[in-house]
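Residue numbers (this note's numbering): 107 to 270. Cβ atoms here follow ideal geometry from the backbone N, Cα and C, with glycine treated the same way. Quick caveat: nothing in here was measured; it's all calculated off a predicted structure. Contents: one structure, followed by commentary.
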(Lines of atoms letter the chains of each structure in order from A and count residues from 1; the text may use other names and numbers.)
(Lines give C-alpha, C1' and ligand atoms only; values in the text may rest on other atoms or scores of the structure.)
Protein backbone atom coordinates (compact mmCIF):
# COMPACT_ATOMS: atom_id res chain seq x y z
CA UNK A 1 0.00 0.00 0.00
CA UNK A 2 1.37 3.44 -0.84
CA UNK A 3 0.49 6.63 0.99
CA UNK A 4 -2.30 7.49 -1.46
CA UNK A 5 -3.97 4.09 -1.10
CA UNK A 6 -3.71 4.34 2.70
CA UNK A 7 -6.38 7.04 2.95
CA UNK A 8 -9.74 5.56 3.88
CA UNK A 9 -12.42 7.86 2.43
CA UNK A 10 -15.21 6.22 4.41
CA UNK A 11 -13.57 6.86 7.78
CA UNK A 12 -11.69 9.99 6.62
CA UNK A 13 -8.36 8.75 8.01
CA UNK A 14 -5.05 7.23 7.03
CA UNK A 15 -4.80 3.48 7.65
CA UNK A 16 -1.36 1.85 7.80
CA UNK A 17 -0.15 -1.55 8.92
CA UNK A 18 3.20 -0.19 10.18
CA UNK A 19 4.21 2.79 12.30
CA UNK A 20 5.94 4.15 9.19
CA UNK A 21 3.82 3.84 6.04
CA UNK A 22 4.95 1.48 3.32
CA UNK A 23 6.06 3.09 0.07
CA UNK A 24 6.46 2.02 -3.53
CA UNK A 25 9.73 1.71 -5.46
CA UNK A 26 8.52 4.61 -7.60
CA UNK A 27 8.16 6.81 -4.49
CA UNK A 28 11.59 5.65 -3.29
CA UNK A 29 13.10 6.44 -6.70
CA UNK A 30 11.68 9.96 -6.63
CA UNK A 31 13.04 10.51 -3.13
CA UNK A 32 16.53 9.25 -3.99
CA UNK A 33 16.73 11.55 -7.02
CA UNK A 34 16.55 14.47 -4.60
CA UNK A 35 19.67 13.26 -2.75
CA UNK A 36 22.93 15.09 -3.45
CA UNK A 37 24.91 13.69 -6.36
CA UNK A 38 28.24 11.95 -5.73
CA UNK A 39 27.51 11.41 -2.05
CA UNK A 40 29.36 8.11 -2.27
CA UNK A 41 30.31 5.64 -5.01
CA UNK A 42 28.18 2.63 -3.95
CA UNK A 43 24.61 2.10 -5.21
CA UNK A 44 23.43 2.14 -1.59
CA UNK A 45 25.30 5.36 -0.93
CA UNK A 46 27.93 3.44 1.01
CA UNK A 47 31.38 3.41 -0.58
CA UNK A 48 32.49 -0.16 -1.02
CA UNK A 49 35.28 -1.92 -2.83
CA UNK A 50 32.96 -4.51 -4.37
CA UNK A 51 31.02 -1.83 -6.24
CA UNK A 52 34.20 0.00 -7.24
CA UNK A 53 35.87 -3.25 -8.35
CA UNK A 54 32.93 -4.06 -10.66
CA UNK A 55 33.45 -0.66 -12.30
CA UNK A 56 37.25 -1.11 -12.58
CA UNK A 57 37.85 1.61 -9.98
CA UNK A 58 39.35 -0.68 -7.33
CA UNK A 59 41.99 -3.40 -7.52
CA UNK A 60 39.99 -5.88 -5.43
CA UNK A 61 36.43 -6.36 -4.07
CA UNK A 62 37.87 -7.18 -0.62
CA UNK A 63 37.15 -4.82 2.29
CA UNK A 64 40.19 -2.61 2.88
CA UNK A 65 39.35 -2.31 6.58
CA UNK A 66 39.25 -5.99 7.61
CA UNK A 67 40.80 -7.63 4.48
CA UNK A 68 38.66 -10.73 4.97
CA UNK A 69 35.32 -10.28 3.19
CA UNK A 70 33.86 -8.84 0.02
CA UNK A 71 33.08 -5.21 0.76
CA UNK A 72 29.34 -4.78 0.36
CA UNK A 73 26.87 -2.45 2.07
CA UNK A 74 25.68 -5.35 4.24
CA UNK A 75 29.26 -6.21 5.23
CA UNK A 76 30.06 -2.57 6.03
CA UNK A 77 26.99 -1.88 8.16
CA UNK A 78 26.59 -5.19 9.95
CA UNK A 79 29.75 -7.31 9.84
CA UNK A 80 33.04 -5.43 9.44
CA UNK A 81 34.84 -5.24 12.77
CA UNK A 82 36.33 -1.85 11.85
CA UNK A 83 32.93 -0.23 12.39
CA UNK A 84 31.99 -2.08 15.60
CA UNK A 85 32.40 1.01 17.83
CA UNK A 86 29.74 2.76 15.71
CA UNK A 87 27.27 -0.08 16.43
CA UNK A 88 27.69 -0.16 20.23
CA UNK A 89 24.71 2.03 21.19
CA UNK A 90 22.35 0.17 18.86
CA UNK A 91 23.64 -3.21 20.07
CA UNK A 92 23.01 -2.10 23.64
CA UNK A 93 19.47 -0.99 22.82
CA UNK A 94 18.56 -4.06 20.75
CA UNK A 95 20.28 -6.58 23.00
CA UNK A 96 22.01 -8.11 19.97
CA UNK A 97 24.20 -7.13 17.05
CA UNK A 98 22.02 -5.60 14.30
CA UNK A 99 21.66 -7.47 11.02
CA UNK A 100 19.99 -6.96 7.69
CA UNK A 101 16.98 -8.81 9.14
CA UNK A 102 16.46 -5.98 11.68
CA UNK A 103 16.29 -3.20 9.08
CA UNK A 104 12.55 -3.41 8.36
CA UNK A 105 11.62 -3.13 12.03
CA UNK A 106 14.23 -0.44 12.69
CA UNK A 107 13.06 1.70 9.79
CA UNK A 108 9.32 1.00 9.78
CA UNK A 109 8.67 0.38 13.46
CA UNK A 110 6.26 -2.17 14.87
CA UNK A 111 3.17 -3.37 13.06
CA UNK A 112 0.06 -1.69 14.44
CA UNK A 113 -1.47 -5.05 15.33
CA UNK A 114 1.55 -5.77 17.53
CA UNK A 115 1.20 -2.54 19.53
CA UNK A 116 -0.31 -2.77 23.01
CA UNK A 117 -3.96 -1.77 23.45
CA UNK A 118 -3.15 0.39 26.47
CA UNK A 119 -2.48 3.96 25.21
CA UNK A 120 0.38 4.56 27.65
CA UNK A 121 2.10 1.30 26.67
CA UNK A 122 1.44 2.06 23.00
CA UNK A 123 3.18 5.43 23.33
CA UNK A 124 6.13 3.77 25.08
CA UNK A 125 6.40 1.17 22.30
CA UNK A 126 6.34 3.87 19.62
CA UNK A 127 8.91 5.96 21.51
CA UNK A 128 11.15 2.88 21.76
CA UNK A 129 10.77 2.29 18.01
CA UNK A 130 11.62 5.93 17.36
CA UNK A 131 14.75 5.69 19.54
CA UNK A 132 15.85 2.51 17.77
CA UNK A 133 15.38 4.22 14.41
CA UNK A 134 17.40 7.22 15.62
CA UNK A 135 20.24 4.96 16.77
CA UNK A 136 20.18 3.00 13.49
CA UNK A 137 20.19 6.17 11.42
CA UNK A 138 23.03 7.60 13.49
CA UNK A 139 25.02 4.35 13.14
CA UNK A 140 24.62 4.35 9.34
CA UNK A 141 25.47 8.04 9.05
CA UNK A 142 28.60 7.72 11.22
CA UNK A 143 29.85 4.62 9.39
CA UNK A 144 29.24 6.17 5.97
CA UNK A 145 30.97 9.41 6.93
CA UNK A 146 34.01 7.64 8.39
CA UNK A 147 34.25 5.27 5.44
CA UNK A 148 33.97 8.12 2.92
CA UNK A 149 36.68 10.08 4.75
CA UNK A 150 38.98 7.03 4.67
CA UNK A 151 38.25 6.50 0.97
CA UNK A 152 39.03 10.15 0.15
CA UNK A 153 42.29 9.93 2.15
CA UNK A 154 43.26 6.74 0.26
CA UNK A 155 42.56 8.48 -3.06
CA UNK A 156 44.79 11.43 -2.07
CA UNK A 157 47.56 9.02 -1.02
CA UNK A 158 47.28 7.15 -4.34
CA UNK A 159 47.65 10.40 -6.28
CA UNK A 160 50.65 11.44 -4.16
CA UNK A 161 52.43 8.11 -4.62
CA UNK A 162 51.72 8.14 -8.38
CA UNK A 163 53.27 11.62 -8.82
CA UNK A 164 56.99 11.72 -9.75
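Inset, instruction - Identify, in the order they occur along the chain, each residue of the same chain with its Cβ nearer than 8 Å to the Cβ of residue 241, setting aside the five sequence neighbours on each side. - result: Indexing the chain shown from 1 puts residue 241 at position 135. Contacts found: 195, 196 and 199.
Legend entry - residue 232 to residue 213 span [Cα, whole Å]: The sequence position of residue 232 within the chain shown is 126, counting from 1. The sequence position of residue 213 within the chain shown is 107, counting from 1. Looking at the two C-alpha atoms, the distance is approximately 12 Å.
Legend entry - Cβ neighbour criterion (16 or more within 10 Å) applied to residue 215: Taking the first residue of the chain shown as position 1, residue 215 is located at position 109. With 16 or more other Cβ atoms within 10 Å, it is buried.
Inset, instruction - Could you say which of 182, 168 and 174 lies nearest to residue 254 if we only look at CA atoms? - result: The count along the chain shown starts at 1 and reaches residue 254 at position 148. Here the closest residue by C-alpha is 182.
Inset, instruction - On a CA-only basis, which of 184, 246, 218 and 170 is nearest residue 207? Give me that one, please. - result: As a working note, residue 207 is residue 101 in the chain shown. Taking residue 207 as reference, the option from 184, 246, 218 and 170 with the minimal CA-CA separation is 184.
Legend entry - Beta-carbon contacts of residue 228 that lie in its chain and below 8 Å, excluding the five residues immediately before and after: Reading the chain shown from its first residue, position 122 is the one you call residue 228. Cβ neighbours of residue 228 beyond the five flanking positions: 221 and 222.
Inset, instruction - Keeping to the same chain, check which residues put their C-beta closer than 8 Å to that of residue 203; ignore five residues upstream and five downstream. - result: Counting from one through the chain shown, the residue named residue 203 turns up at place 97. Hits under 8 Å: 184, 193 and 197.
Legend entry - 4-residue-minimum alpha helix (DSSP H) runs that sit fully inside the stretch 159-212, ordered along the chain: 190-200
Legend entry - Candidates 224, 244, 211 and 237, of which the one nearest residue 189 by Cα: Taking the chain shown and counting its residues from 1, the one referred to as residue 189 is at position 83. It is 244 whose Cα lies nearest to the Cα of residue 189.
Legend entry - For residue 209 and residue 226, the rounded distance between their alpha carbons: Counting from one through the chain shown, the residue named residue 226 turns up at place 120. Counting from one through the chain shown, the residue named residue 209 turns up at place 103. C-alpha separation (whole angstroms): 26 Å.
Inset, instruction - Label residue 230 either buried or exposed according to how many other C-beta atoms from any shown protein chain fall within 10 Å of its C-beta, with 16 as the threshold for buried. - result: In the chain shown, residue 230 corresponds to position 124, counting from 1. By the neighbour-count rule (16 or more Cβ atoms within 10 Å), residue 230 is not buried but exposed.
Inset, instruction - Would you decide whether residue 263 is buried or exposed? Buried here means 16 or more other CB atoms lie within 10 Å of its CB. - result: The residue you call residue 263 lines up with position 157 of the chain shown. Looking at its Cβ environment, which holds fewer than 16 other Cβ atoms inside 10 Å, residue 263 is exposed.
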